[in-house]
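The structure appears right after this line, and notes come after that.
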Amino acid sequence: MPNQIIEGSQAVAKMVRLCKPKVLAMYPITPSTHIPETLAQMKANGELDGTIIRVESEFSALSACIGASSTGVRAYTATSSQGLALMHELLFATAGMRLPIVINVVNRALSAPLNIFNDHQDSMSERDSGWIQLYAGTNQEAVDMTVQAFRIAEECLLPVMVCMDGFYLSHTYEVVDVPDDIKGFLPDYQPEHCYLDPNKPMTIGTWAMPEPYMKLRKELNDAAEKSVGTIQKVHDDYAKAFGRGYGDGLIEVTGEGSTAIVSIGSVCQNIEAVAKEKGMQLVRVRCFRPFPRQQLIGALKGKKSIIVIEKNAALGLGGGAMFHELRSALKGSDAKIACYVVGLGGVDVTLDYLRKVADSADSLGDGEVRWQNE
Amino acid sequence: MTGMIQVRIHGRGGQGAITAAEVLATAAFKDGKYAQAFGKFGPERRGAPVESYVRISEEPISIMQHVYDPDIVVVLEPGLMDVIDVRAGMKGDKVILNTDTPCEGCVNIDANCIAMDAIGKAIVNTAMLGALIKVTGIATVDSVAEAIMERFPGPVGEKNVAAMKKTYEAVQ
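Here the protein sequences line up with chains V and X, keeping their order. Okay, so the first sequence: first residue is 117 according to the working numbering, each after it adds one. Okay, so the second sequence: first residue is 473 according to the working numbering, each after it adds one.
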């Protein structure tokens with residue numbers, strides 16, 4: 117039995133404290149609010165070492181983190197939805213400057229219409245920003261991912277988003293194991309590159325003419341693709357130290373069957389139960405960036421039919437982002453690949469609904485997209 | 473207890489339906505069980521109908537949806553019976569109702585009266601937990617008391633524990 121019953125946001129905040137960020141610049145926004153709130157309470161109680169910077173927007177929150185990280189210290193923030201959207205230009209700057217900042221993104225729909233509930237449109241819309249994106253399936257995994265994220269970020273010099281579903285995870289009280297200490301799993305941050313030090317002058321994030329600009333963007337892409345190995349290694353080290361692992365660290369495969377459901381986030385809890393009933397396989401994507409192309413090709417080899425279920429929509433293209441990326445990765449395969457767009461703006465993706473999705477497998481055409489509310 | 477027990481709490485914004493769910497789940501955990509508590513969030517404001525949910529099980533809980541088929545329903549305010557179908561989807565038949573006018577087919581308890589005596593306010597969320605655990609045995613009195621004290625340390629917690637225990641004794 118895990119050691120406590122706790123709200124998801126509070127569990128993550130406890131782990132953030134153990135990671136000892138030196139600077140936390142946060143601007144509360146629903147449903148991420150309980151994370152900054154809990155961290156601020158810890159600070160007020162004298163339980164948190166880092167400096168909390170109160171800012172006037174999410175743009176400032178990430179700006180402050182960029183400033184802090186550029187001096188070579190560990191920096192952290194949390195946000196959701198419009199907050200992440202407001203950070204948009206800085207997300208690209210963070211990755212371009214190779215600053216290992218960690219954000220807990222508590223996933224929520226984007227306006228309009230205004231909606232505070234869960235889907236993945238906010239983080240999925242930032243998928244090409246150069247950030248590593250990890251998606252938690254449970255509150256336990258959100259806690260475990262958060263500490264892994266700092267190590268991955270600092271080893272790869274890439275920023276990491278730890279995405280957890282708003283309300284479904286953030287506001288749910290559950291039985292979770294939060295370690296009392298992280299036993300040296302995350303060493304103190306000792307920057308070797310990409311930070312400002314008068315004794316070792318360097319410039320980062322500055323002007324670049326076309327050729328060096330493109331060279332740096334290519335290097336950033338290569339670093340992001342190469343981070344696959346580090347993500348897996350950090351995951352494996354954590355599994356060894358704490359006894360909890362999730363597939364190969366990039367994807368998690370459960371069950372067997374000629375039909376596979378590919379999905380992401382906490383909805384996979386319900387999908388796993390339905391896939392088991394229906395004799396299908398679940399492939400849960402844990403790491404969306406870098407895109408685990410080879411791992412997905414391997415896991416989905418020989419499948420007759422693949423259903424992608426996701427909580428985002430590539431508007432004007434139809435289907436979700438993951439569906440299109442998976443189809444591209446599996447080009448030439450005999451599998452029929454279809455997509456269900458579900459749960460936008462917090463529509464509950466129930467076991468009953470997922471049974472209907474599973475039962476529709478034979479009737480789906482290759483490339484077909486259906487929406488939950490159709 | 474066999475299998476998973478699902479509880480749905482109907483209340484009005486400000487009555488503490490979500491707090492009650494969290495306290496109950498915490499108590500069940502103290503009894504050595506797995507538990508999950510969450511609310512149906514929305515643009516709540518004081519007085520609007522709200523729902524919260526609790527799942528309790530001997531096994532780890534891996535389900536992420538609202539509670540559509542509760543074993544037990546708790547209603548914190550009798551006026552809700554006129555505007556909400558509190559029995560919607562029920563698997564069980566127990567509706568535990570806070571009321572001074574008994575309603576047929578419900579477990580009726582005047583928790584307002586008990587809360588006014590014990591707390592000095594008609595805040596019935598913790599009091600109603602006493603009725604719930606008496607009827608169902610899904611958590612022990614000691615664990616619920618401990619969970620209340622953790623949530624509200626000091627005199628506020630003590631008054632709420634008193635209300636919970638009084639309701640526990642009052643319910644048949």
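Note that beta-carbon positions come from the ideal geometry of N, C-alpha and C, so glycine has one too. As the structure is a prediction and not an experimental result, all values here were calculated from the model.
Query	Result
Secondary structure, beta strand (DSSP E): runs of 3+ residues fully inside the segment 537 to 578 of chain X	544 to 547, 566 to 570
Beta-carbon proximity check, residue 506 of chain X vs residue 533 of chain X, cutoff 8 Å	yes
Below-8 Å beta-carbon distance, residue 133 of chain V vs any chain X residue	no
Cα-Cα separation between residue 212 of chain V and residue 240 of chain V, rounded to whole angstroms	19 Å
Residue 397 of chain V beta carbon less than 8 Å from that of residue 365 of chain V	no
Neighbour flag for residue 257 of chain V against chain X, beta carbons, 8 Å	no
Three-way DSSP call (helix, strand, coil) for residue 403 of chain V in this model	strand
Test: residue 463 of chain V CB closer than 8 Å to a CB of chain X	no
Cβ neighbours of residue 634 of chain X in the same chain (closer than 7 Å, five flanking residues each side left out)	590
Where the beta strand (DSSP E) containing residue 265 of chain V begins and where it ends	Per DSSP, residue 265 of chain V belongs to no beta strand (DSSP E); it is in the alpha helix (DSSP H), 255 to 272.
Nearest residue (CA-CA) to residue 242 of chain V, options V/468, V/447, V/451, V/438	V/438
Residue 555 of chain X burial status per 10 Å Cβ neighbour count (16 or more: buried)	exposed
9 Å Cβ cut-off: residues of chain V touching residue 568 of chain X	Residues of chain V passing the Cβ test: none, with the nearest at roughly 21 Å.
When V/248, V/287, V/245, V/266 are compared against residue 234 of chain V, the one with the closest alpha-carbon	V/287
Residue 503 of chain X, DSSP secondary structure in three states	coil
Buried/exposed call for residue 536 of chain X, threshold 16 Cβ in 10 Å	buried
Under the three-state DSSP convention, the category residue 510 of chain X falls into	strand
Cut-off 6 Å between Cβ atoms - residues of its own chain near residue 485 of chain V, not counting five sequence neighbours on either side	434, 435, 455
Close-in-space but distant-in-sequence residues of the same chain around residue 154 of chain V (CB under 7 Å, 5 per side omitted)	125, 126, 129
CB contact below 8 Å: residue 535 of chain X versus chain V	yes
Pairwise C-alpha distance: residue 258 of chain V and residue 368 of chain V	15 Å
Residue 239 of chain V - containing alpha helix (DSSP H), residue span	237 to 240
Beta-carbon spacing of residue 494 of chain V, residue 174 of chain V below 8 Å	No answer is possible for residue 494 of chain V: it lies beyond the span of chain V, which begins at 117 and ends at 490.
Min CB distance residue 237 of chain V to chain X below 8 Å	no
Helix, strand or coil at residue 202 of chain V [DSSP, three-state]	helix
Opening and closing residue of the alpha helix (DSSP H) in which residue 176 of chain V lies	174 to 186
Nearest neighbour of residue 226 of chain V, chosen from V/260, V/220, V/373, V/236 [CA to CA]	V/236
Touching by the beta-carbon criterion (3+ pairs, under 8 Å), the segment 213 to 221 of chain V and the segment 182 to 201 of chain V	yes
Residue 528 of chain X - containing beta strand (DSSP E), residue span	521 to 529
Sequence-distant residues of its chain with Cβ nearer than 7 Å to residue 470 of chain V (five each side left out)	386, 387, 390
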